[in-house]
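The number in the numbering used here is simply the position in the sequence shown, starting from 1, with 6 added.
Yeah, the Cβ is synthetic: ideal placement off N, Cα and C, and Gly gets one too.
Just so we're clear, the structure is a prediction, and the values are computed from it rather than from any experiment.
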Amino acid sequence: MSIHDERPSGGGAHRDDRVRDTEGSGPGTYNYYDDAAYSDGTATSVVDRRYEDDYYEPLPPQRKQFGWNAGADFGLLVIRLVLGGIFAAHGAQKLFGVLGGSGPEAFAQSLAKSGFQQSQILSLVTGGTELGAGALLVLGLFTPLAAAGIAGVMASAVIGTRLGDGFFSPDGYEYNVVLAALAVGLMFIGPGRAALDNGRSWFRHPVVSGLICLLIAAGSSAGVLFFLH
(Lines of atoms letter the chains of each structure in order from A; the text may use other names.)
(Lines give C-alpha, C1' and ligand atoms only; values in the text may rest on other atoms or scores of the structure.)
Protein backbone atom coordinates (compact mmCIF):
# COMPACT_ATOMS: atom_id res chain seq x y z
CA MET A 7 0.00 0.00 0.00
CA SER A 8 1.34 3.45 -0.88
CA ILE A 9 0.20 6.91 0.10
CA HIS A 10 -0.01 9.71 -2.38
CA ASP A 11 2.50 12.44 -1.69
CA GLU A 12 0.77 15.84 -1.47
CA ARG A 13 4.02 17.79 -1.73
CA PRO A 14 4.33 20.16 -4.72
CA SER A 15 7.40 18.40 -5.93
CA GLY A 16 5.40 15.46 -7.02
CA GLY A 17 3.62 12.32 -5.91
CA GLY A 18 4.81 8.92 -5.15
CA ALA A 19 5.25 6.66 -2.22
CA HIS A 20 7.50 7.75 0.55
CA ARG A 21 10.51 5.47 0.79
CA ASP A 22 12.28 4.44 3.90
CA ASP A 23 15.10 2.02 4.65
CA ARG A 24 13.30 0.19 7.45
CA VAL A 25 10.27 -1.61 6.02
CA ARG A 26 10.43 -3.54 2.77
CA ASP A 27 8.03 -2.42 0.06
CA THR A 28 5.82 -5.44 -0.55
CA GLU A 29 4.45 -3.92 -3.71
CA GLY A 30 7.80 -4.24 -5.42
CA SER A 31 8.41 -0.56 -6.05
CA GLY A 32 12.00 -1.31 -6.56
CA PRO A 33 14.82 -3.37 -5.27
CA GLY A 34 16.01 -2.43 -1.84
CA THR A 35 13.18 0.05 -1.30
CA TYR A 36 10.90 0.17 1.77
CA ASN A 37 7.45 1.56 2.32
CA TYR A 38 7.20 3.59 5.55
CA TYR A 39 3.38 3.49 5.49
CA ASP A 40 3.02 -0.22 4.99
CA ASP A 41 0.51 -1.31 7.68
CA ALA A 42 1.43 -4.93 7.21
CA ALA A 43 4.94 -4.22 8.36
CA TYR A 44 3.60 -3.20 11.79
CA SER A 45 1.11 -5.99 12.27
CA ASP A 46 1.10 -8.17 15.38
CA GLY A 47 2.49 -11.07 13.40
CA THR A 48 5.69 -9.32 12.41
CA ALA A 49 6.27 -6.94 15.34
CA THR A 50 8.92 -7.98 17.80
CA SER A 51 9.64 -6.83 21.35
CA VAL A 52 12.98 -5.66 22.68
CA VAL A 53 12.56 -8.09 25.61
CA ASP A 54 11.74 -11.68 24.85
CA ARG A 55 8.40 -12.54 26.45
CA ARG A 56 9.75 -15.87 27.58
CA TYR A 57 12.25 -14.13 29.84
CA GLU A 58 10.13 -11.14 30.80
CA ASP A 59 9.72 -12.27 34.39
CA ASP A 60 13.51 -12.22 34.82
CA TYR A 61 13.50 -8.43 34.50
CA TYR A 62 10.90 -7.78 37.21
CA GLU A 63 11.15 -8.80 40.85
CA PRO A 64 7.85 -9.07 42.72
CA LEU A 65 7.37 -6.39 45.37
CA PRO A 66 7.07 -7.62 48.95
CA PRO A 67 3.57 -7.37 50.43
CA GLN A 68 3.02 -4.09 52.18
CA ARG A 69 1.98 -4.44 55.83
CA LYS A 70 -0.58 -2.03 57.12
CA GLN A 71 0.93 0.27 59.71
CA PHE A 72 -0.47 0.09 63.23
CA GLY A 73 -2.68 2.95 64.21
CA TRP A 74 -5.10 3.77 66.96
CA ASN A 75 -8.73 3.07 66.33
CA ALA A 76 -11.98 4.10 67.94
CA GLY A 77 -12.36 0.76 69.72
CA ALA A 78 -9.01 1.07 71.53
CA ASP A 79 -9.72 4.68 72.49
CA PHE A 80 -13.14 3.79 73.85
CA GLY A 81 -11.80 0.79 75.79
CA LEU A 82 -9.07 2.89 77.41
CA LEU A 83 -11.61 5.54 78.27
CA VAL A 84 -13.77 2.96 80.05
CA ILE A 85 -10.77 1.63 82.02
CA ARG A 86 -9.74 5.13 83.03
CA LEU A 87 -13.22 6.15 84.13
CA VAL A 88 -13.79 3.01 86.20
CA LEU A 89 -10.32 2.82 87.75
CA GLY A 90 -10.06 6.55 88.33
CA GLY A 91 -13.59 6.81 89.68
CA ILE A 92 -13.02 3.97 92.17
CA PHE A 93 -9.83 5.52 93.55
CA ALA A 94 -11.25 9.03 93.64
CA ALA A 95 -14.15 7.69 95.71
CA HIS A 96 -11.77 5.79 98.03
CA GLY A 97 -9.67 8.91 98.49
CA ALA A 98 -12.76 10.98 99.36
CA GLN A 99 -13.77 8.34 101.91
CA LYS A 100 -10.38 8.48 103.60
CA LEU A 101 -10.05 12.28 103.56
CA PHE A 102 -13.58 13.50 104.19
CA GLY A 103 -15.56 10.52 105.45
CA VAL A 104 -18.06 10.80 102.58
CA LEU A 105 -19.66 7.94 100.61
CA GLY A 106 -19.76 5.78 103.73
CA GLY A 107 -16.07 6.32 104.52
CA SER A 108 -14.54 6.33 107.94
CA GLY A 109 -12.57 9.56 107.61
CA PRO A 110 -8.90 10.30 108.21
CA GLU A 111 -8.88 9.52 111.95
CA ALA A 112 -10.30 6.02 111.62
CA PHE A 113 -8.08 5.30 108.62
CA ALA A 114 -5.01 6.44 110.58
CA GLN A 115 -5.93 4.05 113.38
CA SER A 116 -6.26 1.23 110.85
CA LEU A 117 -2.79 1.98 109.50
CA ALA A 118 -1.34 2.02 113.02
CA LYS A 119 -2.81 -1.40 113.73
CA SER A 120 -1.18 -2.72 110.56
CA GLY A 121 2.23 -1.61 111.84
CA PHE A 122 2.68 1.74 110.04
CA GLN A 123 4.34 4.66 111.77
CA GLN A 124 3.33 8.30 111.34
CA SER A 125 -0.13 7.02 110.60
CA GLN A 126 -1.81 10.44 110.77
CA ILE A 127 0.37 11.87 108.02
CA LEU A 128 0.34 8.66 106.05
CA SER A 129 -3.46 8.55 106.06
CA LEU A 130 -3.63 12.04 104.55
CA VAL A 131 -0.95 11.23 101.97
CA THR A 132 -2.68 8.00 100.98
CA GLY A 133 -6.12 9.60 100.74
CA GLY A 134 -4.76 12.55 98.78
CA THR A 135 -2.89 10.29 96.38
CA GLU A 136 -5.98 8.19 95.71
CA LEU A 137 -8.23 11.20 95.22
CA GLY A 138 -5.79 13.12 93.04
CA ALA A 139 -4.65 10.16 90.96
CA GLY A 140 -8.22 9.01 90.43
CA ALA A 141 -9.33 12.44 89.25
CA LEU A 142 -6.37 12.71 86.87
CA LEU A 143 -7.13 9.30 85.40
CA VAL A 144 -10.73 10.30 84.74
CA LEU A 145 -9.52 13.40 82.91
CA GLY A 146 -6.69 11.58 81.17
CA LEU A 147 -4.19 14.14 82.44
CA PHE A 148 -0.66 13.18 83.54
CA THR A 149 -1.84 9.60 83.09
CA PRO A 150 1.48 7.76 83.66
CA LEU A 151 2.15 9.66 86.89
CA ALA A 152 -1.42 9.15 88.13
CA ALA A 153 -1.22 5.45 87.36
CA ALA A 154 2.10 5.29 89.19
CA GLY A 155 0.46 6.75 92.30
CA ILE A 156 -2.27 4.12 92.23
CA ALA A 157 0.20 1.29 91.65
CA GLY A 158 2.40 2.50 94.53
CA VAL A 159 -0.53 2.69 96.95
CA MET A 160 -1.69 -0.80 95.97
CA ALA A 161 1.80 -2.26 96.36
CA SER A 162 2.12 -0.75 99.83
CA ALA A 163 -1.34 -2.01 100.79
CA VAL A 164 -0.66 -5.56 99.63
CA ILE A 165 2.77 -5.89 101.24
CA GLY A 166 1.98 -3.92 104.37
CA THR A 167 -1.55 -5.07 105.25
CA ARG A 168 -2.80 -7.95 103.07
CA LEU A 169 0.12 -10.22 102.32
CA GLY A 170 -0.55 -12.57 105.21
CA ASP A 171 -4.26 -12.94 104.37
CA GLY A 172 -3.72 -15.06 101.27
CA PHE A 173 -4.55 -14.40 97.65
CA PHE A 174 -8.09 -15.85 97.29
CA SER A 175 -9.30 -15.61 100.88
CA PRO A 176 -12.20 -13.27 101.80
CA ASP A 177 -9.65 -10.70 102.94
CA GLY A 178 -7.17 -11.61 100.18
CA TYR A 179 -5.35 -9.24 97.93
CA GLU A 180 -6.39 -10.44 94.47
CA TYR A 181 -8.55 -7.33 94.03
CA ASN A 182 -5.57 -5.10 94.88
CA VAL A 183 -3.40 -6.94 92.37
CA VAL A 184 -5.99 -6.43 89.63
CA LEU A 185 -6.17 -2.69 90.32
CA ALA A 186 -2.37 -2.40 90.38
CA ALA A 187 -2.07 -4.33 87.12
CA LEU A 188 -4.59 -2.03 85.41
CA ALA A 189 -2.61 0.99 86.61
CA VAL A 190 0.68 -0.42 85.35
CA GLY A 191 -0.94 -1.23 82.00
CA LEU A 192 -2.12 2.37 81.63
CA MET A 193 1.44 3.58 82.28
CA PHE A 194 2.65 1.89 79.11
CA ILE A 195 -0.46 1.98 76.92
CA GLY A 196 -1.40 5.55 77.64
CA PRO A 197 -4.84 7.09 78.09
CA GLY A 198 -6.01 6.88 74.49
CA ARG A 199 -6.89 9.84 72.31
CA ALA A 200 -10.00 10.76 74.32
CA ALA A 201 -7.87 12.39 77.01
CA LEU A 202 -6.28 15.70 77.92
CA ASP A 203 -2.88 14.06 77.49
CA ASN A 204 -3.45 13.67 73.76
CA GLY A 205 -0.45 15.09 71.89
CA ARG A 206 1.80 15.63 74.90
CA SER A 207 5.34 14.27 74.98
CA TRP A 208 4.56 11.41 77.38
CA PHE A 209 1.59 10.51 75.20
CA ARG A 210 3.89 10.18 72.17
CA HIS A 211 6.53 8.17 74.11
CA PRO A 212 4.53 5.83 76.36
CA VAL A 213 7.30 3.28 76.91
CA VAL A 214 9.83 5.80 78.19
CA SER A 215 7.32 7.61 80.39
CA GLY A 216 5.95 4.29 81.61
CA LEU A 217 9.37 3.05 82.70
CA ILE A 218 10.12 6.30 84.52
CA CYS A 219 6.78 6.27 86.35
CA LEU A 220 7.14 2.59 87.19
CA LEU A 221 10.44 3.38 88.91
CA ILE A 222 8.72 6.23 90.77
CA ALA A 223 5.94 3.90 91.94
CA ALA A 224 8.40 1.22 93.05
CA GLY A 225 10.63 3.72 94.83
CA SER A 226 7.79 5.43 96.70
CA SER A 227 6.29 2.12 97.79
CA ALA A 228 9.66 0.80 98.93
CA GLY A 229 10.32 4.03 100.86
CA VAL A 230 7.00 3.83 102.71
CA LEU A 231 7.50 0.18 103.61
CA PHE A 232 11.13 0.58 104.61
CA PHE A 233 10.87 3.78 106.66
CA LEU A 234 7.28 3.75 107.95
CA HIS A 235 6.46 0.10 108.45
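Can you check which of these residues, the options, is closest to residue i by C-alpha distance?
i: residue 146; options: 225, 201, 232; result: 201
i: residue 182; options: 199, 195, 140, 157; result: 157
i: residue 154; options: 224, 92, 103; result: 224
i: residue 90; options: 126, 152, 101, 102; result: 152
i: residue 84; options: 113, 143, 217; result: 143
i: residue 222; options: 173, 159, 170; result: 159
i: residue 198; options: 115, 140, 226, 149; result: 149
i: residue 6; options: 219, 184, 173, 203; result: Because the chain spans 7 through 235 in this model, residue 6 falls outside it and cannot be assessed.
i: residue 168; options: 217, 117, 189; result: 117
i: residue 249; options: 171, 188, 95; result: What is shown of the chain runs 7 to 235, which leaves residue 249 out entirely.
i: residue 110; options: 173, 180, 125, 184; result: 125
i: residue 134; options: 97, 170, 107; result: 97
i: residue 234; options: 103, 119, 216; result: 119
i: residue 186; options: 164, 174, 217; result: 164
i: residue 161; options: 174, 138, 190; result: 190
i: residue 93; options: 232, 129, 139; result: 139
i: residue 80; options: 207, 208, 196, 228; result: 196
Label residue i either buried or exposed according to how many other C-beta atoms from any shown protein chain fall within 10 Å of its C-beta, with 16 as the threshold for buried.
i: residue 136; result: buried
i: residue 210; result: exposed
i: residue 176; result: exposed
i: residue 226; result: buried
i: residue 205; result: exposed
i: residue 100; result: buried
i: residue 203; result: buried
i: residue 113; result: buried
i: residue 240; result: Nothing about residue 240 can be read from this structure; the chain reaches only from 7 to 235.
i: residue 105; result: exposed
i: residue 172; result: exposed
i: residue 230; result: buried
i: residue 87; result: exposed
i: residue 184; result: exposed
i: residue 122; result: buried
i: residue 216; result: buried
i: residue 129; result: buried
Under three-state DSSP, which class holds residue i?
i: residue 96; result: helix
i: residue 121; result: coil
i: residue 10; result: Any reading at residue 10 must be qualified, since the residue scores a pLDDT of 49, below 50, and its modelled position is unreliable; the value itself is stated next. Correct three-state label for residue 10: coil.
i: residue 143; result: helix
i: residue 107; result: coil
i: residue 4; result: Only positions 7 to 235 of the chain appear in this structure, which leaves residue 4 out of reach.
i: residue 113; result: helix
i: residue 148; result: coil
i: residue 226; result: helix
If you scan the region 163-223 from start to end, which runs of the alpha helix (DSSP H) of 4 or more residues do you find wholly inside it? Correct list: 180-195, 207-210.
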